[in-house]
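Since the structure comes first, as structure tokens, the remarks are kept for the end.
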Amino acid sequence: MLNLQPKNFKIILWDMDGTLLDFYPAERYAITTTMAEFGLPSCTDNMVSRYSKINEQYWKRMELGEITKEQVLLGRFETFFKEEGLVDFTDFASFNARYQENLGARVFFHDKAYEIAAALKGKVLQYAVTNGTTTAQTLKLKNSGLDKIFDAVFISDKIGAQKPSQGFCDYVKAHIPAVPREEILIIGDSLTSDMATGNKLGVKCCWFNPDHKPVPTDGSVQLDYIISSLIEIEKFI
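Mapping of the sequence shown onto this note's numbering: residues 24 to 260, in sequence order.
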């Protein structure tokens, strides 16, 4: 068990996919398994990579307010199947429903994510803030054991608003204790989702950047901490 003794924060808002959980192996399992279950051609590594890029583009567009979540969930598969030449398949709703179940079936942690969250339990309040679907995220929470650690979970599907919308931020603010904003920390991998949410909430922002992506210099986002490994949070919490 890690010995973490928080001094600077009373509340931590955790992103799930891409932060606590390594999303890509779960995504690989979900797309390959679901395609097999629907009798579609075997999903090769190259196909997985192409799907992953399409999926990421759709979620980014949603975070920017360009499309709805429903358009993300169905449109990504419509685009993927069309580009792969699988034009005869059109039951995207059924495919997505099963995909969500498979997405939550396998859990892969980043770094020592579980140990870190477990070590902080009872020392700070910990909340999940996620744009994932209720089906997938509920399964991930159960299968990861994080449901026993978090003090509450804020899933955009249940709230009816997505990160980083004002509606999502207002909901979170109304459902966490009223502590000074400088005592609240959000940790996430997405600048346009997690860090933008933190900026709207006016809390401290920790960008989890394991791929060492360039740090924005245009002033579009305010970052207080940048880490490439989750264990680095012990330096400042």
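The beta carbon of each residue, even a glycine, is placed where N, CA and C say it ideally should be.
- Leu148 has its alpha-carbon roughly 28 Å from the corresponding atom of Tyr47.
- Assigned with DSSP and collapsed to three states, Gln185 falls in coil, not helix or strand.
- Contact between Asn69 and Arg99 fails: their C-beta atoms lie close to 17 Å from each other, not under 8 Å.
- With a cutoff of 9 Å on beta-carbon distance, Lys223 and Asp247 are scored as not near each other.
- At a cut-off of 3 residues, the continuous stretches assigned as beta strand (DSSP E) that sit fully inside the stretch 28-57 are 34-37.
- Excluding the 5 residues flanking it on each side, Ala159 has same chain C-beta neighbours closer than 7 Å at Gln123, Leu126 and Gly127, in chain order.
- By the 16-neighbour rule on beta-carbons within 10 angstroms, Ala151 is buried.
- Within the DSSP secondary-structure output, Thr153 pairs in a beta bridge with Ile178.
- When beta bridges are read from the DSSP output, Leu208 appears opposite Ile35 and Lys227.
- One Cα belongs to Gly225, the other to Met39, and the distance between them is close to 20 Å.
- A straight line joining the alpha-carbon of Arg51 with that of Val71 spans about 6 Å.
- Here DSSP, grouped into helix, strand and coil, assigns Ile260 to coil.
- Between Ile210 and Glu93, the alpha-carbon positions lie close to 26 Å from each other.
- Under the three-state reduction of DSSP output, Phe61 falls in the coil class, being neither helix nor strand.
- Apart from sequence neighbours up to five positions away, the residues of its chain that approach Phe104 with a beta-carbon distance below 6 Å are Phe112, ordered along the chain.
- Cβ neighbours of Gly221 within its own chain (closer than 6 Å, five residues either side excluded): Ile209 and Cys228.
- Using a 10 angstroms sphere on the CB of Gln185, the tally of other CB atoms reaches 16 or more, which defines it as buried.
- The C-beta of Asn26 has fewer than 16 other C-beta atoms within 10 Å across all chains shown, which makes the residue exposed.
- Collapsing the DSSP output to three states places Val110 in coil.
- With respect to the C-alpha of Asp212, the residue from His198, Trp230, Ile54 and Ala197 having the closest C-alpha is Trp230.
- In the same chain as Val244, and ignoring 5 residues on each side of it, the C-beta atoms closer than 7 Å to its own belong to Leu214, Met218, Ala219 and Asn222, in chain order.
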